[in-house]
Each structure stands twice: as structure tokens, then as C-alpha cells.
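Here's the structure we're looking at; comments come further down.
Residue numbers (the working numbering), protein chains in the order written: chain U, 2 to 267; chain W, 257 to 610; chain L, 34 to 366.
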């Protein structure tokens with residue numbers, strides 16, 4: 002879909018990542034790269050290690066082996082044991098599989114937290130809410146309003162997120178990530194549990210983000226129709242190993258992938 | 257009918273982000289403040305001022321401080337009276353050793369010292385949460401209790417271990433009469449409440465609430481847990497420290513060791529549970545409730561001709577606290593503040609049911 | 034690996050503290066052994082309270098702040114009822130009362146709050162604890178009452194041949210230790226051998242799985258709270274016989290919190306060993322360390338046993354948050 006734009010240079014590279022919990026290997030020497038502006042999907046059966054992969058990229062888990070390279074200031078640099086805050090600073094945003102919204106806050110406040118990285122006025126100025134603090138608040142509110150318009154959730158601005166239906170909560174989750182103005186957006190099953198219409202809406206938002214803002218997308222999704230439709234390249238994981246990597250057509254024809262999905266024993 | 261927001265269109269984000277976006281609320285608040293600053297000192301009896309309003313205002317400030325930590329940032333503390341003690345003893349020692357310092361400066365310094373101690377005991381929160389953190393704050397409670405009871409320097413080598421304070425003098429205006437005490441506290445509490453309200457609707461407040469609601473997600477979107485949690489501990493302890501200094505200087509006048517013991521910590525916690533966690537207004541409701549209940553228990557049965565024995569009253573009091581805590585946690589976790597909000601919502605829609 | 038270094042260093046520190054008084058000659062071996070035994074006895078009481086907390090935490094995920102209030106309530110009930118009937122009858126009746134308490138708590142507090150956050154449940158049990166303190170004293174009175182277990186109070190001299198001057202030891206302390214050991218053995222049997230015990234362990238492992246194979250969660254909770262109530266009753270009787278039944282029992286039980294931190298929230302042996310470590314640690318600190326501190330810093334008295342347990346637990350938390358025997362939890366996103 003976004004072929005027209007053309008994929009650029011490598012922006013994120015995962016090299017030989019191994020992650021274990023106790024004796025269980027969640028990821029086993031997984032390597033792949035993500036190119037600028039592309040839609041890169043990660044697929045695989047349940048428990049294949051997809052979410053663990055995102056958690057490693059995010060710095061929530063630190064792998065025992067392997068490295069993550071990120072493009073910063075034009076060059077691909079190697080990072081070790083980054084914490085999630087540093088990863089966020091380097092321009093990677095994320096949505097969550099099981100809605101990790103801030104339940105006690107309104108839609109507006111949830112999305113505003115995505116701007117926190119960019120807000121710097123000190124405690125005292127905030128307490129007095131004078132000058133720079135008040136200006137900063139309004140400036141970032143404007144940016145957030147653009148996202149609210151884009152996601153068509155104007156009517157729910159001040160509603161506590163807990164009261165929204167599931168599909169809208171997923172949008173708020175996306176909005177919060179977009180507010181960070183990321184260069185890479187990690188989406189963990191953004192369409193899980195949605196009906197066909199909601200899925201279409203979400204697809205449209207993802208493609209628009211990719212198209213209009215040029216954001217690189219890394220997508221985990223179970224709906225193969227969607228994956229094959231909107232991805233530029235697909236990585237297939239099974240039991241923590243990479244078993245396939247390529248364009249949707251290549252992956253579809255890959256025997257190992259077909260076996261994994263049909264449950265052929267190893 | 258009169259409580260409507262129809263027709264009040266916001267044309268700027270600034271107007272939409274006001275503390276009280278509805279015009280009627282702003283009028284109500286202005287009238288309330290006017291009455292509190294002018295009407296109350298003229299009308300209230302000394303008993304009402306000293307036994308109800310003075311402790312109410314200080315406890316409301318302390319509860320606001322605790323609420324910033326527990327209600328907004330989601331970090332439990334069962335030892336916050338320790339930071340009140342730090343504030344009170346700091347203020348006592350600063351006044352003792354640098355008597356020429358203005359009391360407002362003393363108050364801020366006492367708060368800052370309490371904030372530093374609070375941050376120290378907040379460091380474990382970076383690794384642990386929930387029950388585990390409760391132990392860290394209990395350690396603060398018992399360690400500070402012991403420190404102020406045993407280290408003689410803090411009580412200026414008083415043989416009884418108790419300390420007494422001089423009258424506060426603000427640029428020649430002596431805070432000695434009940435009305436002056438009340439006014440002084442009202443001014444301090446109003447300023448600090450405004451600042452608390454500003455903090456929780458700024459980016460720091462959002463960082464706190466994000467940590468409370470979903471800490472891993474907060475980290476992934478770039479909020480540093482170290483910063484969010486430690487600022488919450490610092491600001492909370494600052495407020496509670498200031499409240500402690502006021503409790504010592506304005507309310508108690510003189511106090512003995514263990515005036516700030518664990519029961520006071522529990523009381524602070526009850527105030528925010530009953531009043532409403534995550535609500536500044538709730539802190540005020542909770543404080544009012546805690547101050548008013550013993551007085552009601554005293555007066556109401558007597559008026560009905562059934563005076564209660566002192567022991568029975570105090571037992572009844574803890575039983576009522578205990579059952580109300582359970583009631584609110586089950587029925588309305590956001591406390592009296594939520595009931596207030598529901599009432600307002602109903603009023604806004606009245607006379608229509610929806 | 035880093036974790037091991039931390040825990041080893043805390044262990045070494047504790048051991049050093051334990052042998053320091055002997056090495057420096059601060060106490061004669063006889064006196065030292067007396068202090069040690071005294072600490073162990075206090076530790077037994079902490080262990081008993083912690084045991085109730087661990088049982089409840091395992092089965093319902095609730096940290097029962099009210100365990101101390103339950104100890105007080107049970108002790109008050111037994112002490113006052115024993116004024117009108119033999120002690121054994123009062124104790125049996127007391128058990129009945131504690132079962133009743135368990136049923137009421139399950140109905141009115143736990144069931145409505147099921148699946149709530151741990152901190153909310155903690156605060157709810159704080160409410161329970163306040164209510165029970167007030168209720169108990171309203172019903173039973175708020176003076177100091179005694180429980181007579183019928184064991185001679187006067188200390189006896191033992192090991193006169195081993196140490197110079199021998200060691201003074203209280204018979205009721207020994208009885209308390211035996212009772213505690215018996216109780217733990219009975220609980221172990223109950224958990225291992227009875228079907229209810231197995232169901233309890235299943236619930237502790239996984240609430241939802243247990244429910245899905247038809248274990249009635251509500252009944253399990255009542256049973257566990259009843260067992261914890263009986264443990265509280267035993268603790269209350271032992272404690273009350275030693276120090277008299279009074280309000281302070283409820284507060285001293287706060288010490289059980291550092292005990293379970295040390296031992297791990299889900300470990301019965303942890304509760305016992307944690308209790309003993311805290312009991313011995315604070316007694317040693319008070320007797321041998323406090324005088325040094327008082328002298329060095331010119332303090333107005335010792336009393337470091339008031340905070341020693343908490344600060345020890347705090348240090349421990351920093352090197353090993355899951356406790357000695359607890360399970361490590363991994364955050365999932």
C-alpha cells in the first residue's frame with residue numbers, strides 16, 4: 002500500500018536477541034530490521050514471543066544476548082539495557098495488547114501524557130501556573146487537539162476512559178502513542194476484539210499515520226487478512242524463533258510458516 | 257435551574273482549562289471564600305474557631321498532602337505523621353536557633369526539610385510497591401518517633417521531652433487570638449490548595465496519575481518512575497511537613513513526644529479514604545468529617561438525653577471510622593467527593609432525570 | 034548474582050551482630066543466652082501472628098492488617114469468658130466466636146471487594162481492625178485482664194553446670210514455644226492430609242483455576258479466615274498469659290508486617306523463621322546495641338526495638354523484595 006512512498010534506510014535493527022525467563026526461552030536469537038516509512042508486521046501463533054519482542058525493543062525487558070540498534074542523528078547506533086524512558090526519548094512509541102490506558106483519567110489527559118516527554122516547566126512554575134507553565138500547557142493542548150480530531154473522538158474529550166466502549170479505548174491508546182510524535186510506532190494487536198467496522202476504522206488510522214506523518218509502523222496482528230493487506234514486510238515467529246521474513250507473498254508461500262500455523266509437529 | 261453551563265462557550269484552550277470551567281462554580285467559590293475570610297471571623301465563636309475550624313484547616317492541608325501521594329500517585333503511606341513530626345520539630349528548632357527569621361520562611365524551610373526526609377523514605381518505592389511500601393513508611397514512622405523522643409538536641413534538651421512554642425509574629429501582626437489563628441491558617445491553606453490543584457492538572461500531576469493507573473505503560477510513553485515517584489513523595493511530605501509545623505505552632509502550642517504517632521498517620525489515611533482518594537476537595541471533606549464526628553458523638557446523644565461514657569464514645573468513634581472505611585471502599589471508592597460530584601451532576605440536569 | 038551478594042551481606046551483618054556481644058565481652062555467656070532465649074520467645078509470638086497473616090494472604094491475596102485486632106479480640110473474649118467458666122470452655126467458645134467473625138468478614142468485606150487491588154484490601158482490613166478494636170473493647174471492656182494457663186510463673190534455673198550462674202527461664206515461655214510448634218505441626222497436617230487443605234493449596238496457587246474445577250472460593254475464604262482466627266486465639270492466649278490482655282497487643286502485632294516481609298508473604302516456614310529472626314534481632318539490638326548508641330550520641334534512653342524490625346525489613350526489601358522464601362513475580366505487559 003505504502004509502496005509508493007518507498008521504504009527508506011534501516012531505522013531499527015534487532016540482532017540475535019535471546020530472552021529467557023528462568024528456564025523458558027521466550028526469544029531465541031531473533032534478528033530482523035525495520036526500514037523507515039514501512040509497515041512491518043510481526044506474526045506468529047500465540048506464545049510465539051511477539052509481545053516479548055516489543056517489550057525488548059521498549060526496554061521493559063532486557064535480553065540476555067543480542068543488541069538493538071536505533072537510528073539516531075542519522076546513524077544506526079547500538080544500545081544496551083536502555084530503560085523505557087530512554088527508548089521513548091529516542092522516538093519509539095507503543096500501544097498495548099490489553100489496553101493499558103490510565104483508567105482514572107479523561108481521554109484528553111490520557112493523550113496529554115503522551116506529551117509529557119516534551120514538557121519541561123519546573124514544579125514551582127506548575128504549582129503557580131504562571132507564564133511558561135500556562136503557555137506550555139496550551140501549546141501542547143493544541144497538538145493534542147489535532148490528534149483528537151484525527152481520531153474523531155472530539156465528543157469524548159472529557160470522558161473518563163474507563164467509560165468508553167472498547168473500540169474507542171483502542172483509539173485513545175493509539176492517540177496517546179501518536180502524541181509522542183514518534184518516528185517508530187509499535188502496535189500490539191490494535192484490532193484484537195474489534196468488529197469488522199471498527200477494524201476498518203483502525204486500519205484507516207494506521208495507514209493514514211503511515212502515509213501522512215511518515216511514521217514507521219511495527220504491527221503485531223492476528224487477522225491475516227489485515228496483515229497481508231497493509232504490510233510491506235512480515236516477520237514470522239514461532240516458539241521464540243524466527244521462521245520467516247519477507248514480503249506478504251513470500252511469507253504466504255513459506256512452508257515453515259504454513260506448518261506453524263497448521264500445527265505440524267517439529 | 258440556575259446551575260447550567262448552556263451558553264458558556266469556550267473560545268480558547270486557556271478558558272477550557274480553567275480550574276472551575278462553569279461560571280456558577282466560580283461565583284460559588286468566590287462567595288465561599290469571601291464568607292470564609294470576612295463572615296466567619298466576625299460570626300464564629302471562639303469554640304468553633306479553635307476546636308473545629310483550626311484543626312479542620314490544618315488536617316485538610318495534611319490530607320491534601322497525603323492525597324497527592326496516595327490518591328494521585330498511587331503510592332501507599334501508613335507513616336505520614338512522621339513527616340508532620342519532621343515539619344513540626346524543624347520549625348521548632350529553626351525558630352529556637354534563628355529567632356529573627358520570619359515565620360513564613362520558617363514554614364517553607366520546615367516543609368523543605370520534611371520533603372527531603374520524605375524523599376529519603378520514598379526511595380524504596382522505586383523498587384517496591386503496595387504492601388512492601390507500607391513497611392517502608394512504617395519504618396519512617398517508628399524511626400522518626402524514636403528520633404524525636406530520644407535525640408535530645410531536637411527538643412532542646414528538655415527533660416520531659418516536650419516542647420513549647422512562642423506566639424507567631426508576622427511583621428508585627430501577632431497570631432494570638434482565635435480569629436487571627438483562623439485567618440492565618442485560612443490564608444496559608446488557600447494558597448497551598450490552589451498550588452496543589454495546579455500541580456495535579458499540570459504535566460507533573462498527569463505523570464503521577466499515570467504511574468498510579470498503569471506504571472509500565474507510563475514508563476513506555478516516557479515518564480520516568482524515579483522522577484514521578486520521588487516528586488510525589490517530596491511534594492506530599494512538603495505539604496504534610498508544613499501542616500505539622502502549623503499543628504505544633506498554631507493548634508497545639510506545646511507537644512509531647514509521640515504527638516505525631518501512628519494513630520495520626522492512620523487518621524490521615526482515613527480522611528482521604530472517606531473524603532475521596534484522588535480529589536483535593538475530598539481531602540477537605542475527610543478532614544471536616546474526622547473533626548466533626550467526635551463532636552457530634554458528644555453532642556447528639558446528650559441532646560437526646562443519652563449521654564455516653566467517655567470510653568464508650570472513643571470506642572464508638574473507632575467503630576464508626578472502621579465501618580465507614582469499609583463502606584466507602586465497597587460502595588464509593590472515591591468517597592464523599594464523588595457523592596458531591598454526583599449531586600452536582602444531578603443539579604446540572606435537574607429537573608430532567610438524565 | 035547481584036541479589037545473592039546483597040542477601041549474603043545482610044546475613045553476614047546479622048550474624049556479626051549476633052556474635053558481637055560475645056566477642057567483645059559485652060555480656061557473659063549466661064546472660065547472653067538468656068537474652069537470646071528471651072528474643073526467641075518474643076519471636077514465637079511474632080511468628081504466631083505472622084502465621085495468620087500468611088495463611089490469609091496465600092488463600093485470598095489479602096494482607097490482613099486486622100490480624101493484631103483479631104488477636105486482641107480473641108484474647109479479650111477468652112479472658113472475660115474464663116471469669117465465668119473453665120478456661121478450656123472459654124477457649125472452645127472463643128474458637129466459635131472467631132469462626133463467626135470469619136463468616137461476617139467474608140460476607141461483609143471480602144465478597145464485595147473481590148478482585149480489588151491489594152492496597153484497597155489492605156485499607157479495608159485496616160477498617161476491620163479499627164472496628165474490631167472498638168467493638169471488642171465495647172463488649173468486653175478495656176481494662177487489663179489476665180489469662181491463667183495454670184503454669185507456674187516463677188522462673189527456674191537451668192544449666193547451672195554449663196554457665197556460671199546458670200540461666201533463668203520461664204516455664205510459660207517454654208509452654209508457649211511448645212504450643213506454637215504443635216500448632217504449626219497441626220496446620221501442616223491439615224494442609225497436607227485433608228481434602229479441605231488440598232483445596233486451600235489449590236486456591237493459593239491459582240484462584241481462577243481452582244474456581245473452574247469447582248472449589249467454592251467463598252467457603253474456602255471462610256475456612257482460611259477461621260483458621261487464622263484460631264491461630265489468633267492461640268497467639269492471644271499465649272500473649273495474654275505472659276503480658277496480660279490489653280489494647281497494646283493489637284499494636285504490637287504491627288511487628289508481624291516486617292516479619293512477613295522477611296519471610297515472604299506466601300511462606301509458612303518463612304513466617305516462623307522471620308518471626309524468630311526479628312524477635313532475636315530486636316532483643317539483641319535493644320540489650321547490647323542500644324546502650325552503646327545512648328552513650329555515643331547522648332540519647333534520652335534506648336528503645337530501638339521500636340523501629341529495629343522495620344528498618345531491618347526495609348534493608349531486606351532493597352536486596353530481596355520477595356523475602357527469604359517468597360516467589361518472585363514478573364511484571365507482564
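The beta-carbon is built from N, C-alpha and C at its ideal position, and this holds for glycine as well.
| Item | Value |
| --- | --- |
| Indicate whether residue 582(W) and residue 160(L) have their beta-carbon atoms separated by less than 8 Å. | yes |
| Measure the alpha-carbon distance for residue 324(W) versus residue 55(U) and round it to whole angstroms. | 33 Å |
| Measuring only between beta-carbons, confirm whether residue 166(U) sits less than 8 Å from chain W. | no |
| Using a C-beta to C-beta distance shorter than 9 Å, which residues of chain U count as neighbours of residue 267(W)? | Chain U residues near residue 267(W): none, gap ~13 Å exceeds 9 Å. |
| Output yes or no for whether 8 Å exceeds the beta carbon distance between residue 499(W) and residue 340(W). | yes |
| Report the three-state DSSP secondary structure of residue 174(L) (helix, strand or coil). | coil |
| Interface residues of chain U around residue 475(W) at Cβ under 7 Å? | 85, 86 |
| Using a Cβ distance threshold of 8 Å, determine whether the segment 58-73 of chain L contacts the segment 310-318 of chain L, with at least three qualifying pairs required. | yes |
| Would you mind working out which of 460(W), 370(W), 314(W) sits nearest residue 110(U), comparing C-alpha positions? | 460(W) |
| How should residue 97(U) be labelled, buried or exposed, when 16 other C-beta atoms within 10 angstroms of its C-beta is the threshold for buried? | buried |
| Verify the CB distance criterion: does residue 283(W) have a CB-CB separation below 8 Å to chain L? | no |
| Residue 210(L) to residue 386(W), Cα distance in whole Å? | 33 Å |
| Of all the CB atoms in chain A, is at least one closer than 8 Å to the CB of residue 568(W)? | In summary, chain A is missing from the structure at hand, where the protein chains are U, W and L. |
| Verify whether the separation of the beta carbon atoms of residue 235(U) and residue 219(U) is less than 8 Å. | no |
| Where do the N-terminal and C-terminal ends of the alpha helix (DSSP H) with residue 210(U) fall, by residue? | 197-213 |
| Kindly indicate if chain W contains any beta-carbon less than 8 Å away from that of residue 364(L). | Reliability of the predicted coordinates at residue 364(L) is poor, the pLDDT of 46 falling under 50, and the value obtained from them is presented with this limitation in mind. Taking Cβ atoms only, chain W reaches closer than 8 Å to residue 364(L), which makes this a yes. |
| Can you tell me where the alpha helix (DSSP H) holding residue 602(W) begins and where it ends? | 591-605 |
| Check whether the segment 337-353 of chain L touches the segment 418-437 of chain W, taking contact to mean three or more Cβ pairs, one atom from each stretch, closer than 8 Å. | no |
| Can you list, in chain order, the residues of its chain whose CB lies under 6 Å from that of residue 179(U), leaving out five sequence neighbours each side? | 148 |
| Pull up the distance between the alpha-carbon of residue 16(U) and that of residue 44(U), whole angstroms please. | 18 Å |
| Could you name the residues of the same chain whose beta carbon sits closer than 6 Å to that of residue 6(U), not counting the 5 residues immediately before and after it, in chain order? | Confidence at residue 6(U) is low in this model, with a pLDDT of 47, below 50, so its placement is unreliable and the value that follows should be read with caution. The answer, listed in chain order, is 38. |
| Contact between the segment 187-196 of chain U and the segment 79-98 of chain U: three or more CB pairs below 8 Å? | yes |
| Can you tell which of 274(W), 575(W), 364(W), 313(W) has the C-alpha that lies nearest to the C-alpha of residue 438(W)? | 313(W) |
| For chain U, check one thing: does any of its Cβ atoms lie closer than 8 Å to the Cβ of residue 273(W)? | yes |
| Under 6 Å Cβ to Cβ from residue 106(L), same chain only, skipping five residues before and after it: list those, please. | 165, 169 |
| Within the chosen definition, does the segment 127-147 of chain U reach the segment 448-456 of chain W through at least 3 CB pairs nearer than 8 Å? | yes |
| Flag residue 458(W) as yes if its beta-carbon sits less than 8 Å from any beta-carbon of chain U, otherwise no. | yes |
| Is the shortest distance between the beta-carbon of residue 507(W) and the beta-carbons of chain L less than 8 Å? | no |
| Along the chain, where does the alpha helix (DSSP H) containing residue 283(L) start, and where does it finish? | 281-285 |
| Quick one: what does DSSP say residue 36(U) is sitting in, helix, strand or coil? | strand |
| Cβ closer than 8 Å: which chain U residues qualify as neighbours of residue 534(W)? | 105 |
| Short of 8 Å Cβ to Cβ, which residues in the segment 106-136 of chain U face chain W? | 106, 110, 113, 114, 115, 116, 117, 118, 120, 122, 124, 127, 128, 129, 130, 134, 135 |
| Okay, do the segment 245-253 of chain L and the segment 109-120 of chain L touch, 3+ Cβ pairs below 8 Å being the bar? | no |
| Where residue 93(L) and residue 399(W) are concerned, what is the direct C-alpha to C-alpha distance, given to the nearest angstrom? | 31 Å |
| Please list the residues of the segment 550-582 of chain W that have a C-beta atom closer than 9 Å to any C-beta atom in chain L, keeping them in chain order. | 567, 568, 570, 571, 572, 573, 574, 575, 576, 577, 578, 579, 580, 581, 582 |
| Between residue 131(L) and chain W, is there a C-beta pair that is closer than 8 Å? | no |
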